[in-house]
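Novice: In full-length UniProt numbering, the protein residues as written are 1 to 766.
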C-alpha cells in the first residue's frame, strides 16, 4: 500500500499508518440482489422504443481534463469532424458495461446524479483514421435512461477494436459532493478491457489517455481438456508475494526483451517457483493502473514510476502493459489466462492483491479524473458533507471508495466474480481491507455488507479471501476482522512479535510462542482455524529480509521526500553495522538471522507468506517504501540467485519443502495439550531470549525446535525421543551450507546441544 506523502494534508493525517507498533459473525447463505432493483427500479429485458438516428457531432474541448490537473490539451483526441450516421435504439439497462444484443451493441452505465450523458466512440479502423478522432452520441434521459442507468444500443458497430468512454454533466454543487466536468471523457467502470499506452514506462506517451474497449470477435480461451484447478487446502498453502513486472523485468532474467516484465515472463520462470517449493503466488495489483500518475504535475515524487500498482483505474481490466511486446489490452487478457493456466498446471494457485479501498483519482487538490469521480463522485466515494463535501481519506491516497453503498458493493462483487469466472483466479488479498468495514461517513461497521457478501457468495466460495486488516484511519482489526468464519487475515502481530524476538528484544518469549503455535489468542473464535492467520515477517511494504538484518534505519532519499515517507519503526537490527560491509562477523550473523526468520516462519502453525527475492537476499539498499522505482531496487536479480547466494537459496527451498511434507506444521485445528510440549520453566524471566518446544506427531514423527536469540552460547538439554525413535539434526542455522540443512538428518544427538548465539536448530525423531 502506498504511504501518504509527508506533504499530504488530509483529515486523517493525525492517525499513524498502522495502529499497531508498525505504524465473528455467523450467518446463513444469502443472495445479493442488484442495488438498482433495491432502489425500486422496474427493468425490462426487452429493447423497446422507436428507432432513432444518432449523429456524431463535435463538442467543445472534448476529452480535456480539468485545468488544475495540468494535462496538456494537445494530447487530447479530437471529435471527428465528418462521421457516418449510425442507427441507434434506446438500449437496455442490463448488463452494465458493453454487451451484444439482437439489435447491436449495447452500452449501459450507472449515474444517479448525472443530468446529461454522452457516449464517445473511436473507430480508427472503420474510419481509416489513427489520430484518435471520436464520435459522440447524446443520450436522451426520457428514452435512454431506466432508473439511474443510462443506456443506448448502436447497430452495426465493429465487434472489436472500438474505444469508448462517456462525458457526463450534472450538478456543480461542490459542497454537495458533486465533481461533474463535461469536458472529460471517462472510463466505463464496467469496461472489461482498458486501452492506453502500450509499453510500460514509455515516457513519450506519458500523458496518454485511457479508454474502455471490448472484444466479441475472439474465440473463447481454451483452458484445455485436462485442465483442472489446484484446489489446495488452506492449511497446505505456502504463499509467495510477487510483482509481475519486477519478477522478470531485469536483463538478468535472460528472457527475450519482448516478454520481460510480462505475464508470459512469469510463465518462463515457473520452474524457479517449483524449485523453491511454494504453491501459491500472491500477485501485487494487476488491475489497470497508470504508472506515470506521479509525473502529471510538478511534485516531490515526479521522478517516480508506480511499479507496485496500488492505484486502480478499472476493476475489471488486466494491466495492459503487462502484455508481451506492447500487445495491448486484448493480448494482456489472453496472456493473463495463459499465465494462470500454466501456474495451475504446475500446481500453483493464483491469488490477486486487489485494491478496492481507493482509486487513482487522488484528492480534491490535485485530482486525476478518469472515471468514478466524473461519473458520480457522491456515490462512489466517502465524503464529509459537513465539511464542504470534501473527500474522506482513510486510504492515505486522497480518496476512499464508498464500498458499502449498494451500487459500489455490487461493482466490487461483479469485479471479483469476473476474475474468478473469466480468469480462474483462486483467491484475493484485500488491500487496506478495514476500509471495506466503514459506512458512507467513514464510521466502522460491525457487520459490513460487502464483507458478508464476499464471504457468502456462491461463485467466490472456492476462493481464498484474505484481508489486510487495517487502514490509514487507525481502524486496526487484526484478530477482530468481521469474518463469518471465512476470512483469513494478514497477521501483523505475528510479524511484529517475530521480529522482536529473533533480533533479541527482551520479554518476547511468550509472544513468540503464541505466534508460532497459531495465534490462538486472535483466531480461536467460533469456527476459525489456524490457517486464517497469514503469517509473514516480510511483505512488499517495508524492508526486505536482507535489509531487515542490515539496517536500523530507513534510507528513502531516492523517493524524493527527504526521507519523510515510509515507516520509522521497522523492528530491525543491522547486526552491528549499517548497510553493506565486508566484516565477516557481521555477515555471518546476518546470514544466521535470515535463516532464523525463515525457519520460524515455516514451522509456525498458520499460513506462511514470503516475499519475492528473499530467497536470495534481495536488497533495496534500506528503502522501506520502494513503490516508485522501476529499477533494480525492485527488480528480481536473477544473477544473484546463482552467483552470490546459491547456499542461501538452497536453505530456503529445503525448509519450505520440509514444511510441506511434515504433518505437524499444517494443522487445521489449534494445538491442544497433547500436540505440543514447551520445554520451558522460565516464562516469566524478562531477560530470557531462548525457547524450545516439540510438536508431536501421532505416528512418532515428532519435531523438536529451539531458538536462541541471546548473544552467547547456550548448552541446551535435549528431551528424550519418542519410543523406538532417535533424534536426527535437520537444521542448525549456525552451520555453513550444506550442513545447515540435512534432509535425512545427522544422527548422534546427545543429551545436550551447544547452541550458538542467534541461531536455531530443528531435530526430527526417526
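Cβ atoms here follow ideal geometry from the backbone N, Cα and C, with glycine treated the same way. This one's a predicted model, so the numbers in the text were calculated from it and none came from an experiment.
#1: Is DSSP giving residue 322 helix, strand or coil here?
#2: Start and end of the alpha helix (DSSP H) containing residue 544?
#3: Quick check: what's the CA-CA separation for residue 463 versus residue 235?
#4: Do residue 286 and residue 319 count as a contact pair if the criterion is CB distance below 9 angstroms?
#5: So, helix, strand or coil for residue 638, using DSSP?
#6: DSSP three-state call for residue 419: helix, strand or coil?
#7: Residue 526: which of 486, 552 and 505 sits nearest, CA to CA?
#8: In terms of residues, what are the limits of the alpha helix (DSSP H) holding residue 752?
#9: With residue 466 as the anchor, note down where its alpha helix (DSSP H) starts and where it stops.
#10: Using the Cα positions of residue 71 and residue 585, report the straight-line distance between them to the nearest angstrom.
#11: Considering Cα atoms alone, identify which of 545, 601 and 559 is closest to residue 575.
#12: My output table needs one value for residue 412: the three-state DSSP class, helix, strand or coil.
#13: Nearest to residue 339 by alpha carbon, out of 713, 675 and 425?
#14: Measuring CA to CA, which of 760, 720, 164 and 231 is closest to residue 460?
#15: How many whole angstroms separate the CB atoms of residue 244 and residue 263, which I take to be in contact at a CB cut-off of 8 angstroms?
#16: I need the DSSP call for residue 175, collapsed to helix, strand or coil.
#17: Under 8 angstroms, with one C-beta from each stretch per pair, do the region 587-604 and the region 553-570 reach the 3-pair mark?
#18: Compute the Euclidean distance between the alpha carbons of residue 554 and residue 570, then round it to the nearest angstrom.
#19: Less than 9 angstroms between the beta carbons of residue 528 and residue 483, yes or no?
#20: With distances taken Cα to Cα, identify the nearest neighbour of residue 625 among 301, 247 and 713.
#21: Hey, does residue 203 have any beta-carbon neighbour from chain D nearer than 9 angstroms?
#22: Could you tell me the alpha carbon to alpha carbon distance between residue 604 and residue 631, rounded to whole angstroms?
#23: Are the beta-carbon atoms of residue 601 and residue 610 separated by less than 9 angstroms?
#24: Give me the Cβ distance between residue 494 and residue 515, rounded to the nearest whole Å; I'm assuming they're in contact under 8 angstroms.
#25: Could you tell me if the beta carbon of residue 391 falls within a distance shorter than 8 angstroms of some heavy atom in the ligand HEM?
#26: Near residue 159, which residues of its chain fall below 7 angstroms by C-beta distance, leaving aside the five closest residues on each side in sequence?
#27: Using only the alpha-carbon positions, how far apart do residue 261 and residue 329 sit?
#28: Between the beta-carbon of residue 174 and the beta-carbon of residue 389, is there less than 9 angstroms?
#29: Following the continuous alpha helix (DSSP H) through residue 521, name the residue where it begins and the one where it ends.
#30: Under 9 angstroms, do residue 430 and residue 97 count as touching if we go by C-beta distance?
#31: Look at the alpha carbon of residue 378 and the alpha carbon of residue 475, and state the distance between them as a whole number of angstroms.
#32: State buried or exposed for residue 283, treating a residue as buried only when at least 16 other CB atoms are found within 10 Å of its CB.
#33: Does DSSP classify residue 248 as helix, strand or coil?
#34: Return helix, strand or coil for residue 227, following the three-state DSSP convention.
#35: Buried or exposed: which applies to residue 760, given that a residue is buried once 16 or more other Cβ atoms fall within 10 Å of its Cβ?
#36: Could you tell me if residue 224 is buried or exposed, where buried requires 16 or more neighbouring beta carbons within 10 angstroms of its beta carbon?
Specialist: So, from the data block:
#1: helix
#2: That residue, residue 544, is in no alpha helix (DSSP H); it is neither H nor E in DSSP.
#3: 14 angstroms
#4: yes
#5: helix
#6: helix
#7: 486
#8: Taken as a continuous stretch (DSSP letters only), residue 752 belongs to no alpha helix (DSSP H), being part of the beta strand (DSSP E) at 752-755.
#9: That residue, residue 466, is in no alpha helix (DSSP H); its beta strand (DSSP E) goes 464-467.
#10: Residue placement at residue 71 is flagged as unreliable, the pLDDT there being 41, under the threshold of 50; a coordinate-derived value is accordingly withheld.
#11: 545
#12: helix
#13: 425
#14: 231
#15: 6 angstroms
#16: helix
#17: no
#18: 8 angstroms
#19: yes
#20: 301
#21: The structure shown has no chain D; it contains just one protein chain.
#22: 34 angstroms
#23: yes
#24: 5 angstroms
#25: This structure does not include the ligand HEM; it has no bound ligands of any sort.
#26: 216 and 217
#27: 15 angstroms
#28: yes
#29: 520-523
#30: no
#31: 23 angstroms
#32: buried
#33: helix
#34: coil
#35: buried
#36: exposed
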